[in-house]
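Residue numbers (the UniProt record's numbering), protein chains in the order written: chain X, 1 to 115; chain W, 1 to 143; chain S, 1 to 766.
Ideal Cβ positions, reconstructed from N, Cα and C, are used throughout, including at glycine.
All remarks here apply to the structure that follows.
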Amino acid sequence: MEPLMAYVVGGLYAAAIYMMLRRSIVKLVIGLILLSNAANLLIFTAAGLVRGTPPLIAEGAQVPPPGVADPLPQALVLTAIVIAFGVLAFAVVLIHRAYEIVKADDLDQMKSTDT
Amino acid sequence: MTSMPSLILSTAARVLLPLLVLFSIFLLLRGHDLPGGGFIGGLVGASGYTLYLFAFDSSAARAALRMDPRTMVGLGLVIATLSGVIGTFVRGEPFFTSQWWEVYVPIFGEMKLSSPLIFDLGVYMVVLGSVMTIVLTLAEAEE
Amino acid sequence: MLLAVLSGFLLAAAVPWLYKLLQGRINWALALLPAGLTVYFASFMPEIAAGDQVLVSYNWIPSLDIQLSFLLDGLSLMFALLISGIGTFILLYAGSYLHGDRDLPKFYIFILAFMASMLGLVLSNNLISLFVFWELTSITSYMLIGYHHEQLKSRKSALQGLLVTVGGGMALMAGLILMGSVAGTYEISEILNNGDVIRDSGLYTGILILILIGTFSKSAQVPLHFWLPNAMAAPTPVSAYLHSATMVKAGVYLLARLNPSLGETELWHTILPLFGALTMFTGMFLAYRSTEIKKILAYTTLMALGTLTMLIGIGTELAIGAAMTFLLAHALYKASLFLVAGSLDHSTGTKDITKMGGLARIMPITTYAAILAALSMAGIAPLFGFIAKEMLFEAVLESNYLTSFLLVLTVATAMLGVAIGGVIALRPFFGARKETPSKPHEAPFAMWIGPATLATLGLLCGLLPFLPERGILSAAVTSVYGEYESFYLTLWHGFNLPLMLSIASIAVGVLLFFGWDAIRARLLWLDKVFAYGPERGYEKALDGMNWTAQWQTRVLQNGYLRYYLLTILATLIGLVGYTLFTGYEPRLLFDFVGVQFIEAVIAILIVLAAVVAATTHSRLGAVVSVGVVGFGVALVYVLFSAPDLGITQVLVETLTVLLLVLVLFRLPEFLDLSSTAARMRDAVVAVAVGSLFTLLLLTATELQLHDPISQFFVENSEPEGHGRNIVNVILVDFRALDTLGEIFVLALAAIGVYAMIKFRAEEYKK
Chain X
1 MEPLMAYVVG GLYAAAIYMM LRRSIVKLVI GLILLSNAAN LLIFTAAGLV RGTPPLIAEG
61 AQVPPPGVAD PLPQALVLTA IVIAFGVLAF AVVLIHRAYE IVKADDLDQM KSTDT
Chain W
1 MTSMPSLILS TAARVLLPLL VLFSIFLLLR GHDLPGGGFI GGLVGASGYT LYLFAFDSSA
61 ARAALRMDPR TMVGLGLVIA TLSGVIGTFV RGEPFFTSQW WEVYVPIFGE MKLSSPLIFD
121 LGVYMVVLGS VMTIVLTLAE AEE
Chain S
1 MLLAVLSGFL LAAAVPWLYK LLQGRINWAL ALLPAGLTVY FASFMPEIAA GDQVLVSYNW
61 IPSLDIQLSF LLDGLSLMFA LLISGIGTFI LLYAGSYLHG DRDLPKFYIF ILAFMASMLG
121 LVLSNNLISL FVFWELTSIT SYMLIGYHHE QLKSRKSALQ GLLVTVGGGM ALMAGLILMG
181 SVAGTYEISE ILNNGDVIRD SGLYTGILIL ILIGTFSKSA QVPLHFWLPN AMAAPTPVSA
241 YLHSATMVKA GVYLLARLNP SLGETELWHT ILPLFGALTM FTGMFLAYRS TEIKKILAYT
301 TLMALGTLTM LIGIGTELAI GAAMTFLLAH ALYKASLFLV AGSLDHSTGT KDITKMGGLA
361 RIMPITTYAA ILAALSMAGI APLFGFIAKE MLFEAVLESN YLTSFLLVLT VATAMLGVAI
421 GGVIALRPFF GARKETPSKP HEAPFAMWIG PATLATLGLL CGLLPFLPER GILSAAVTSV
481 YGEYESFYLT LWHGFNLPLM LSIASIAVGV LLFFGWDAIR ARLLWLDKVF AYGPERGYEK
541 ALDGMNWTAQ WQTRVLQNGY LRYYLLTILA TLIGLVGYTL FTGYEPRLLF DFVGVQFIEA
601 VIAILIVLAA VVAATTHSRL GAVVSVGVVG FGVALVYVLF SAPDLGITQV LVETLTVLLL
661 VLVLFRLPEF LDLSSTAARM RDAVVAVAVG SLFTLLLLTA TELQLHDPIS QFFVENSEPE
721 GHGRNIVNVI LVDFRALDTL GEIFVLALAA IGVYAMIKFR AEEYKK
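This is how it looks when you write it as structure tokens:
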């Protein structure tokens with residue numbers, strides 16, 4: 001399964017980068033969302049994919065069954081998802097405020113610090 | 001929101017909000033043993049209040065929250081940080097050494113109370129508070 | 001002990017609530033804390049005086065040998081008493097002095113935090129925690145100096161203080177770490193017994209110079225002295241506190257503290273007295289030239305810091321004794337003089353000492369405090385300052401290095417000191433009444449109790465010198481010098497050379513006092529020379545830094561986001577690609593064996609949705625496609641054993657769509673702004689990055705460079721963490737510190753959103 005996911009990750013990265021290179025600020029936001037998904041999936045896949053054995057320990061047991069999914073990348077990605085949301089909200093509002101002031105959807109018109 | 005809220009949505013939201021909040025607390029408490037925890041619980045709670053916000057308006061959602069979400073963020077951070085120093089003060093152990101107590105609670109019997117649980121409560125409050133700060137601020141800007 | 005140190009921080013955090021509760025009377029409540037701490041520390045006095053030490057240790061970062069340990073011996077006890085004792089009066093005073101000020105709660109927060117940092121600094125028994133508190137004092141004092149932040153001068157002075165002390169702090173950190181690694185421990189109490197190891201090591205010179213840069217910057221030694229007078233921009237109670245017992249004394253404290261391990265070398269005995277004596281004389285000379293009362297006092301602080309550095313550098317038994325005595329005397333008179341200066345300013349509306357006169361009848365208590373404190377500063381018997389000065393002369397006479405040089409500067413300083421003491425004690429209070437901007441009145445109780453008490457203490461210590469000696473000074477000398485043979489304080493030393501020098505300096509000082517106005521006028525031409533002083537160097541350096549920053553910003557940050565991105569991406573492709581192709585064997589696999597149907601469908605769906613999102617012309621289409629990508633990724637998490645991730649992703653995805661609905665649709669439609677050529681270029685870059693990550697992932701999954709650390713988490717989750725959801729145990733227990741950082745980021749993002757929408761620059765100005 002990892003090879004297939006590798007292509008999915010590559011595709012997501014390509015789409016994200018392409019959108020982030022556009023001049024339209026709205027497209028930049030879309031690119032950001034795609035980028036965070038791509039990065040999360042990259043970390044998740046890199047640790048190896050396992051079906052149907054979540055990192056949970058059965059009641060009364062000391063250790064999970066062998067071959068359990070790696071919990072560490074899951075913990076990393078979990079916080080990353082939530083933080084990505086916070087950062088996205090920040091970026092969206094920043095862009096919105098910039099738009100209110102500059103009244104332009106073109107990043108090229110936002111390159112001066114004077115308004 | 002500005003448009004007339006639908007009756008079905010508002011009724012559903014009224015019923016769903018307490019359920020979702022309860023569910024979020026349930027998720028928070030069981031998180032140490034089963035899927036759930038502060039992040040997920042906080043997000044579930046936030047979606048409940050957001051639903052309420054869409055069914056009614058931001059002031060109603062603010063009232064339903066009872067606490068200013070910004071205060072909740074601050075309180076959550078304080079709780080999370082303090083949970084790390086319990087061990088430092090009580091036993092002179094390093095920051096964030098986990099502490100466990102067996103507590104007897106009527107009806108539920110023996111319960112595990114621990115500093116990681118308190119920490120998770122802090123996480124829950126920060127997540128809920130942050131998301132609600134963002135959503136409420138944006139919704140109020142809209143109005 | 002830990003609580004005693006941290007209580008200041010805790011109380012600082014509670015100030016906003018207390019302020020709402022108590023309003024203007026809050027200073028009385030807050031002053032209870034330092035008062036209580038004074039009593040607490042005073043209760044250790046008998047024990048410490050008997051030669052004991054109190055050592056308390058908490059594990060902080062045991063893996064790095066960093067303990068949160070506190071050492072209470074003579075030296076640290078004296079400082080702790082001064083900090084909390086004077087702090088009590090400062091808090092009382094400030095409530096009255098800054099009465100009705102808009103930012104008063106902020107002031108209390110900063111000053112309490114500052115007090116706590118200072119206590120932590122002098123009580124720390126670990127080099128690392130000492131350094132942490134050291135930097136905390138720099139930061140809190142920055143806040144305090146810049147208290148009137150709406151004034152450009154305040155901000156500039158605060159920044160100057162911060163840059164100089166923190167810049168020195170960098171050197172200090174390097175020095176402390178070097179010292180710790182040479183000594184093999186970061187515990188100060190152990191290092192003090194290992195002095196020979198450090199002195200014999202080849203790194204000694206480096207350690208000494210680095211630490212001296214740190215302490216000299218903090219204690220404002222020439223040529224880093226210029227920030228101190230500028231720090232007068234702070235409200236007067238702050239100046240009183242910074243100058244008497246705290247901040248600037250931190251450097252002196254550290255020198256005294258490390259004397260047993262760094263001192264007693266030729267380098268120490270020359271560098272310290274040299275810089276100390278120069279600072280001492282420069283300070284007093286500059287004081288003599290000034291007319292603004294706070295400036296005069298600030299320059300005399302320079303004098304005191306120089307004197308202390310010099311005495312510690314001389315390092316004989318007598319010199320250390322003199323240093324400790326002088327330190328105590330100075331703290332008492334300087335705090336009360338600054339508070340008096342504040343009262344004068346408050347009452348007359350001017351800071352210029354030549355514009356005041358005849359205030360004795362109107363402000364009797366303030367006059368009393370001012371005269372006692374100023375005479376102590378001038379070193380007139382029977383005040384405590386006299387004893388300190390006699391010992392100073394004696395110590396300088398006995399010094400082994402640079403003796404005549406030190407003696408000339410010391411005596412000259414003493415002469416000027418007499419004159420300055422006379423100016424402060426007499427000019428504002430006697431002579432003809434002068435018209436002042438506001439009608440003078442006696443200071444309220446909260447403002448005279450501090451200076452009067454401290455000045456009276458100065459008199460008492462002078463009359464009954466055995467009290468401070470038995471109580472604290474002899475213990476302090478022991479901690480700095482070690483076992484001493486004879487150390488005692490007395491007013492009467494007999495007819496000896498020091499007494500002669502005293503009498504001579506008083507005689508010349510009186511002449512200088514009467515000639516103050518005339519001589520000062522003659523010295524005005526020096527202004528032009530001083531314009532080329534070290535402060536100019538500081539400003540040039542700052543300008544240079546700004547210029548460099550502007551230059552490199554112009555080059556690197558041209559304002560086009562996509563060029564930044566292209567730079568970053570080109571670097572990424574170059575570095576990662578290079579490593580990948582030279583160090584490993586990248587493989588392109590098409591091995592889809594074992595892929596289940598549903599998984600293939602999801603994978604294709606994600607990629608298709610991403611492509612649609614990137615190419616569609618409708619915002620709604622893009623948002624929906626992004627949603628599809630998100631839910632597809634959530635399904636991947638669920639399918640591959642990550643239920644927590646799946647749930648989180650679904651919830652966040654929902655909220656993201658909501659967010660986009662709330663904001664994005666108030667932004668304009670998608671526009672196609674780029675030319676076809678630009679689009680082709682971007683597509684090439686995007687595909688290159690995507691392919692690189694595919695290759696990276698294909699290579700990485702087959703590679704295991706280190707043993708995975710997750711095994712530890714899997715094995716210990718239930719036995720150690722008492723939790724069966726390993727992901728959650730990692731989040732809230734094993735790696736809780738990471739999570740703490742992450743929720744702080746989340747909170748910051750929320751505050752950022754709130755601030756951007758609710759606060760507009762135009763509205764703040766009002």
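Consider the Cβ of X/Val102: report whether some Cβ of chain S lies at a distance smaller than 9 Å. no
Exposed unless 16 or more other CB atoms sit within 10 angstroms - verdict on X/Gln74: buried
Taking 8 Å as the threshold, find out whether the stretch 241-261 of chain S comes into contact with the stretch 282-291 of chain S through three or more Cβ pairs. no
Compare the beta carbon distance of S/Ser129 and S/Met179 with 9 Å and say whether it is the shorter of the two. no
Any idea if S/Gly100 is buried or exposed, counting beta-carbon neighbours within 10 angstroms, 16 or more meaning buried? exposed
For chain X, is any of its Cβ atoms less than 9 Å away from the one on W/Phe39? yes
Taking buried to mean at least 16 other C-beta atoms within 10 Å of its own C-beta, is S/Trp547 buried or exposed? exposed
Pairs of beta-carbons, one from the stretch 736-744 of chain S and one from the stretch 622-637 of chain S, closer than 8 Å: are there three or more? Output reads no: the stretch 622-637 of chain S does not touch the stretch 736-744 of chain S.
With a cut-off of 9 Å, does the C-beta of S/Tyr637 fall near any C-beta of chain W? no
Who are the neighbours of X/Leu56 on chain W, taking C-beta pairs under 9 Å? Asp33, Leu34 and Pro35
Please report the distance separating the alpha-carbon of S/Met356 from that of S/Gly315. In a straight line, the C-alpha of S/Met356 is about 42 Å away from that of S/Gly315.
Within this structure, are the beta carbons of X/Leu42 and S/Leu697 separated by less than 9 Å? yes
Listed in chain order, which residues of the stretch 3-24 of chain X have Cβ atoms closer than 9 Å to some Cβ of chain S? Within the stretch 3-24 of chain X, the residues whose Cβ lies closer than 9 Å to some Cβ of chain S are Pro3, Leu4, Met5, Ala6, Tyr7, Val8, Val9, Gly10, Gly11, Leu12, Tyr13, Ala14, Ala15, Ala16, Ile17, Tyr18, Met19, Met20, Leu21, Arg22, Arg23 and Ser24, listed in chain order.
What do you get for S/Met680, buried or exposed, if any count of 16 or more other CB atoms within 10 angstroms of its CB means buried? exposed
Which residues, taken in chain order from the stretch 65-86 of chain X, show a beta carbon closer than 7 Å to some beta carbon of chain S? Val68, Ala69, Asp70, Pro71, Leu72, Gln74, Ala75, Val77, Leu78, Thr79, Ile81, Val82, Ile83, Phe85 and Gly86
Looking at the strands, I want to know which residues DSSP matches up with S/Val529. Note: S/Val529 sits in no beta bridge, so no partner.
Is it a yes or a no for the stretch 45-55 of chain W touching the stretch 747-754 of chain S, going by three-plus beta-carbon pairs under 8 Å? no
In chain order, what residues of the same chain lie with their CB nearer than 6 Å to the CB of S/Leu454, ignoring the 5 residues before and after it? Leu332, Ala335 and Ser336
What residues from the stretch 589-622 of chain S come within 8 Å of chain W, judged by C-beta to C-beta, listed N to C? Within the stretch 589-622 of chain S, no residue has a Cβ that lies closer than 8 Å to any Cβ of chain W.
Quick one: is W/Ser10 near chain S, going by C-beta distance under 9 Å? W/Ser10 has a beta carbon lying at 9 Å or more from every beta carbon in chain S.
So, helix, strand or coil for X/Ile43, using DSSP? X/Ile43 falls in the helix class under three-state DSSP.
Would residue 799 of chain S and S/Ser505 qualify as a contact pair, given that the criterion is a beta-carbon distance under 9 Å? What the structure shows of chain S is the stretch from 1 to 766, and residue 799 of chain S is not part of that stretch, so it cannot be assessed.
Whole alpha helix (DSSP H) elements within the stretch 36-62 of chain W, 4-residue minimum: 38-55
Using CA atoms only, rank isn't needed, just tell me which of S/Ala231, S/Tyr58 and S/Met391 is closest to W/Glu93. When only C-alpha atoms are compared, the closest one is S/Tyr58.
With distances taken from CA atoms, which of W/Asp33, W/Leu17 and W/Phe23 is nearest W/Ala63? Nearest of W/Asp33, W/Leu17 and W/Phe23 to W/Ala63, Cα basis: W/Leu17.
Cβ pair residue 768 of chain S, S/Met170 closer than 9 Å: Absent from the model: residue 768 of chain S. The displayed extent of chain S is 1 to 766, so no value can be given.
Examine the Cβ distances between the stretch 315-328 of chain S and the stretch 479-493 of chain S and report whether three or more of them are shorter than 8 Å. yes
Helix, strand or coil for S/Tyr637, going by three-state DSSP, please let me know. helix
Mind reading off the beta-carbon distance from S/Leu655 to W/Thr50? Whole number of angstroms is fine, and I expect it under 8 Å. 7 Å
Cβ-based neighbour list, W/Val44, same chain, cut-off 7 Å, excluding 5 preceding and 5 following: Shown here for W/Val44: same chain residues with a beta carbon closer than 7 Å to its own, the five before and five after excluded, namely Leu20, Phe23, Ser24 and Leu27 in chain order.
Taking the continuous beta strand (DSSP E) assigned at S/Ser57, which residues delimit it? Val54 to Ile61
According to DSSP, is S/Glu442 helix, strand or coil? coil
Measuring only from the beta carbon, is S/Leu635 closer than 8 Å to any heavy atom that is part of the ligand FAD? Annotation note on the ligand FAD: not contained in the displayed structure, which lists no ligands.
Please determine if the stretch 22-32 of chain S and the stretch 67-84 of chain W are in contact, where contact requires at least 3 C-beta pairs separated by less than 8 Å. no
Which chain X residues are close to S/Val756, counting only those with a beta carbon under 7 Å from its beta carbon? Before going on, a small fix: residue 756 of chain S reads as Met here, not Val. Those are Val93, Leu94 and Arg97, listed as they occur along chain X.
Which two residues bound the contiguous beta strand (DSSP E) that contains S/Gln711? That residue, S/Gln711, is in no beta strand (DSSP E); its alpha helix (DSSP H) goes Ser710 to Gly721.
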